[in-house]
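Peer 1: For what it's worth, the numbering used here labels the leading residue of the sequence shown as 148, then goes sequentially. Sharing a structure here in C-alpha cells format.
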Amino acid sequence: MTIPISAASTSDSTEQDSAQTSVDDQCLGAFSTTAIHAGYDTADNAEACNVPIYATAAFDMHTADHGDALAAGTVSGFSYSRVANPTTTVLERRLAALEGGAEAVAVGSGMAAVSYTLLCAAEGGGRIIASSSLYGASVDAMLSFFPQFGIQADFVDDINDLEAVESLIRPETRAIFTESVANPSTEVADIPALSALAHRYGIAVIVDNTVPTPYLYRPIEHGADIVVHSTTKGITGHGNAIGGVIIDAGRFDWSQGRYPQFTMTEQVISDERNGKFYSFWDKFGFLAFIRRVRLKYVRTLGAVPSPFNSYLQLVGLETLAVRERQEVASATAIARHLSQHPRIERVNYAGLGNTGQASLVARDFPDGVGTILSFTPQGDESRVLRIIDAVHVFSYVPNIGDSRSLIVNPARITHREVSAKYLRAAGVDDRLIRLSIGLEDTSDLIADLDQAIEQAYQD
Ligand SMILES: *Cc1c(COP(=O)(O)O)cnc(C)c1O
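As C-alpha cells, this is what we get:
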C-alpha cells in the first residue's frame with residue numbers, strides 16, 4: 148500500500164512556496180490509520196514496508212548544479228542529517244498529522260523541544276508566562292537558566308486563572324506556556340480559554356502535550372499555536388529511546404510587532420549574490436516559526452535525533468491508540484482502587500472526574516487524561532520509601548509512558564531541581580508517589596500495590 152503524500156521541504160530549503168504537506172493530505176482517516184501510514188511512500192523507499200533507517204550523515208549531491216540548487220533551496224532534497232534525514236522526516240510528518248499541525252521538527256529529547264521552542268519564541272529579551280506546575284527541568288530552565296540569555300518567566304500558580312494570567316501580560320510577553328495535563332498532579336489546562344485570551348493580545352500559546360499524547364488530546368484543535376512533546380514517553384511507549392518534537396499549527400501571525408526575530412533579515416535564508424535579503428516571515432509566512440526552529444536552532448544547537456531513535460518512535464506510534472486505551476482503563480481502575488484504600492489519604496487523577504475540573508475534563512478529554520496518577524499514603528515520608536522498596540511489578544525509574552508500570556517519589560527524583568515554592572504549586576511534597584501505568588494485567592498491578600502498602604505499614 149502506498150500513501151500519497153506531497154513532498155515536504157526536507158532540504159535546508161529556503162523557497163517561499165516549498166511544497167508543504169497539509170493536514171488534509173496527511174489525514175488518512177482515523178487516528179490509528181494515520182499513526183501507521185501518514186508521511187511515508189513505499190515507492191520512494193525500494194518498496195520497503197517499514198520505514199528504513201537512513202544511517203547516513205550526508206547525501207550525494209550528484210552535480211555541481213544540483214548542489215548549488217540544493218544549497219540555495221530552489222530544489223528540495225536531503226543534504227546533511229543535522230538539518231534533515233529521511234527516517235526522521237517520516238516521523239515529523241506523521242506527528243504533524245496526528246496533532247493536526249502544519250509542520251513538525253523532531254529533536255533529540257523533550258527538553259530540546261521545550262528549550263528550542265521557548266527560546267525561539269522569546270529570543271531577544273522576551274518574557275514567557277508559564278504555569279508553575281510544569282516538568283521540573285522546564286521550571287528550572289525558565290527560573291535559573293534562560294534569564295542568563297535575557298529571557299524571563301512570569302509564573303502563575305493556576306494557569307486557568309485567566310485574570311492572574313492577563314495581569315502578567317506586558318509588551319515583552321511572547322508566549323503562554325503550559326502542559327495540557329500536568330505531571331504529576333494530572334490537572335488539565337483550559338487551552339480554549341487561554342488561547343482566546345492570548346490571541347486578543349497577539350501572543351502565542353505553547354503547550355507541552357506529553358502526558359495525554361495526541362491520542363487523548365490535540366491542543367491545536369483547541370486553539371494552541373505550538374505543541375511540544377517528550378516523545379520519550381507515551382509516543383515511543385516502550386522506554387527505549389529519548390526524543391522530542393515541536394509541531395507548528397501554522398496559523399500564528401509572527402509579523403505583528405511582538406516578534407522582531409521573525410521580521411529581521413537573515414543571511415541564512417537570503418540570496419546575497421543576487422542582492423535579495425529576506426526575513427523568516429518574508430520567506431515562510433505562517434511557517435516562519437517552525438522553519439526558524441529548524442534553520443537556526445536545530446542547525447546551530449544541533450540536538451538532532453538519530454535515525455535509529457526516529458525509527459523506534461515510528462514503531463511506537465503504530466500501537467499508540469491501543470496502548471493508551473488499555474493503560475487509561477488500567478490507570479482509572481487503579482485510581483479508583485487507591486481512593487478506597489484505608490491507608491491512602493488522597494489520589495490525584497483528573498480522569499476520575501471527581502475534582503473541580505470534572506466539567507473541563509468531560510468537555511476536552513472524553514477518552515481520558517493520561518496514564519499517570521499520583522497519591523499520598525498516610526503517615527510520613529518513611530511510608531513512601533517503604534512502599535517503593537516493596538513493589539515487585541512496578542519499576543522504580545524516573546520516566547513515564549513506558550509499557551512497564553513505573554513508580555517514583557517526585558520530590559526526591561524527578562522534581563529535585565525545583566524549589567519548595569514551585570513544588571507546592573505543582574502539588575508535590577515528600578509524601579507524594581507518582582505511578583505511570585503500563586500494559587501489565589491490571590489485577591497484577593493492583594495486587595502489587597496492595598502488598599507493598601501492607602508491608603509499608605507493618606511496624
Ligand atoms: C519527560 C518530560 C519532558 C522532558 O523530556 P525528555 O525527553 O526527558 O528530555 C518534558 N515535559 C514533560 C511533561 C515530560 O514528562
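Every residue gets a Cβ at the ideal spot worked out from N, C-alpha and C, and that includes glycine.
What ranges does the beta strand (DSSP E) occupy inside the region 472-506, keeping only unbroken runs of at least 3 residues that lie completely in it?
Peer 2: Runs found: 491-495.
Peer 1: Ignoring anything shorter than 3 residues, give me the beta strand (DSSP E) runs that lie fully in the region 333-384, in order along the chain.
Peer 2: Whole beta strand (DSSP E) segments, 3+ residues: 351-355 and 373-377.
Peer 1: In whole angstroms, what separates the C-alpha of residue 306 from that of residue 208?
Peer 2: Distance between the alpha carbons of residue 306 and residue 208: 49 angstroms.
Peer 1: Return the CA-CA distance between residue 386 and residue 432, expressed in angstroms with no decimal places.
Peer 2: Taking the straight line from one Cα to the other gives about 37 angstroms.
Peer 1: From the DSSP output, which residues share a beta bridge with residue 227?
Peer 2: DSSP lists 205 as partners of residue 227.
Peer 1: Less than 8 angstroms between the beta carbons of residue 450 and residue 230, yes or no?
Peer 2: Their beta carbons are not under 8 angstroms apart, which means residue 450 does not touch residue 230 by this criterion.
Peer 1: Measure the Cβ-Cβ separation of residue 382 and residue 263 and say whether it is below 8 angstroms.
Peer 2: No, Cβ-Cβ distance for residue 382 and residue 263 is not below 8 angstroms.
Peer 1: For residue 486, which residues in the same chain have their Cβ closer than 6 angstroms to its Cβ, ignoring the five residues on either side in sequence?
Peer 2: Closer than 6 angstroms at the Cβ level, and outside the excluded window around residue 486, lie 494.
Peer 1: Regarding residue 383 and ligand 1, is the C-beta to nearest heavy atom distance less than 7 angstroms?
Peer 2: No; taking the cut-off as 7 angstroms, the Cβ of residue 383 has no heavy atom of ligand 1 nearer than that.
Peer 1: Does ligand 1 have a heavy atom nearer than 7 angstroms to the CB of residue 207?
Peer 2: Incorrect: residue 207 has no Cβ contact closer than 7 angstroms to ligand 1.
Peer 1: Near residue 465, which residues of its chain fall below 7 angstroms by C-beta distance, leaving aside the five closest residues on each side in sequence?
Peer 2: For residue 465, where only same-chain residues beyond five positions count, the Cβ hits under 7 angstroms are 182 and 183.
Peer 1: So the candidates are 456, 395 and 477; which of them puts its Cα closest to the Cα of residue 438?
Peer 2: Of the listed residues, the one whose Cα sits closest to residue 438 is 395.
Peer 1: Sort out for me which residues DSSP pairs residue 692 with in a bridge.
Peer 2: There is simply no residue 692 to check, as the chain begins at 148 and stops at 606 in what is shown.
Peer 1: Taking the C-alpha atoms as reference points, what is the distance between residue 580 and residue 528?
Peer 2: Approximately 10 angstroms between the Cα atoms of the pair.
Peer 1: Could you pull out every residue in the same chain whose Cβ sits closer than 7 angstroms to the Cβ of residue 586, ignoring the five residues on either side in sequence?
Peer 2: Cβ within range, chain order: 470, 473, 474 and 550.
Peer 1: Report all residues from its chain with a CB closer than 6 angstroms to the CB of residue 357; omit the five preceding and five following residues, and keep chain order.
Peer 2: Excluding residues within five positions, the ones whose Cβ falls inside 6 angstroms are 376, 377 and 380.
Peer 1: Where does residue 638 fall in DSSP's three states?
Peer 2: Since the first residue shown for the chain is 148 and the last is 606, residue 638 is missing from the structure and cannot be characterised.
Peer 1: Can you tell me whether residue 589 is helix, strand or coil according to DSSP?
Peer 2: Three-state DSSP puts residue 589 in a helix.
Peer 1: Should residue 258 go down as buried or exposed, given a rule of 16 or more other Cβ atoms within 10 Å for buried?
Peer 2: Under this definition residue 258 is a buried residue.
Peer 1: Rounded to whole angstroms, how far is the Cβ of residue 544 from the Cβ of residue 553, which I believe are closer than 8 angstroms?
Peer 2: With 8 angstroms as the limit, residue 544 and residue 553 qualify as a contact, their Cβ atoms being about 5 angstroms apart.
Peer 1: Quick one: residues in its chain with C-beta nearer than 6 angstroms to the C-beta of residue 482, no 5 flanking neighbours on either side, listed in chain order?
Peer 2: Taken in chain order, the residues that qualify are 494, 496, 499 and 520.
Peer 1: Please work out which residues of its chain come closer than 7 angstroms, Cβ to Cβ, to residue 362, disregarding the five sequence neighbours upstream and downstream, and give them in chain order.
Peer 2: Around residue 362: 178, 467, 468 and 471.
Peer 1: Are the CB atoms of residue 202 and residue 275 within a distance shorter than 8 angstroms?
Peer 2: Going by C-beta atoms, residue 275 is not nearer than 8 angstroms to residue 202.
Peer 1: First and last residue of the beta strand (DSSP E) that includes residue 282?
Peer 2: Taken as a continuous stretch (DSSP letters only), residue 282 belongs to no beta strand (DSSP E), as it is neither H nor E.
Peer 1: From what residue to what residue does the alpha helix (DSSP H) around residue 327 run?
Peer 2: Segment: none, residue 327 is in no alpha helix (DSSP H) and carries neither H nor E.
Peer 1: Are three or more beta carbon pairs between the region 299-317 and the region 272-289 nearer than 8 angstroms?
Peer 2: The region 299-317 vs the region 272-289: in contact.
Peer 1: Just the Cα atoms here: how many angstroms apart are residue 170 and residue 249?
Peer 2: In this prediction, residue 170 scores a pLDDT of 40, lower than 50, which makes its location untrustworthy; the coordinate-derived value is nonetheless stated afterwards. Taking the straight line joining both Cα atoms gives about 6 angstroms.
Peer 1: Quick check on residue 268: does DSSP put it in helix, strand or coil?
Peer 2: Correct three-state label for residue 268: helix.
Peer 1: What does a CB cutoff of less than 7 angstroms around residue 452 pick up in its chain, not counting 5 residues either side in sequence?
Peer 2: Correct list, in chain order: 235, 253, 254, 255 and 390.
Peer 1: By the DSSP assignment, the beta strand (DSSP E) with residue 413 in it spans what residues?
Peer 2: Where residue 413 is concerned, the enclosing beta strand (DSSP E) stretches over 412-418.
Peer 1: Note down, in chain order, each residue of its chain lying with its Cβ closer than 8 angstroms to the Cβ of residue 491, except the 5 sequence neighbours on either side.
Peer 2: Cβ within range, chain order: 485, 522, 523, 524, 525 and 600.
Peer 1: What's the C-alpha gap between residue 410 and residue 369?
Peer 2: Whole-angstrom Cα-Cα distance: 27 angstroms.
Peer 1: Quick one: does the C-beta of residue 303 sit closer than 7 angstroms to a heavy atom of ligand 1?
Peer 2: Residue 303: no, Cβ never under 7 angstroms from ligand 1.
Peer 1: Just verifying my parser: in three-state terms, what is the DSSP assignment at residue 389?
Peer 2: Reduced to three states, the DSSP call for residue 389 is coil.
Peer 1: Spatial neighbours of residue 315 within its chain, please: CB distance less than 6 angstroms, with the 5 preceding and 5 following residues excluded, ordered by chain position.
Peer 2: Excluding positions up to five away in sequence, the list reads 276 and 301.
Peer 1: Output the distance between the C-alpha atoms of residue 591 and residue 570, rounded to the nearest integer angstrom.
Peer 2: Residue 591 and residue 570: Cα-Cα distance of roughly 32 angstroms.
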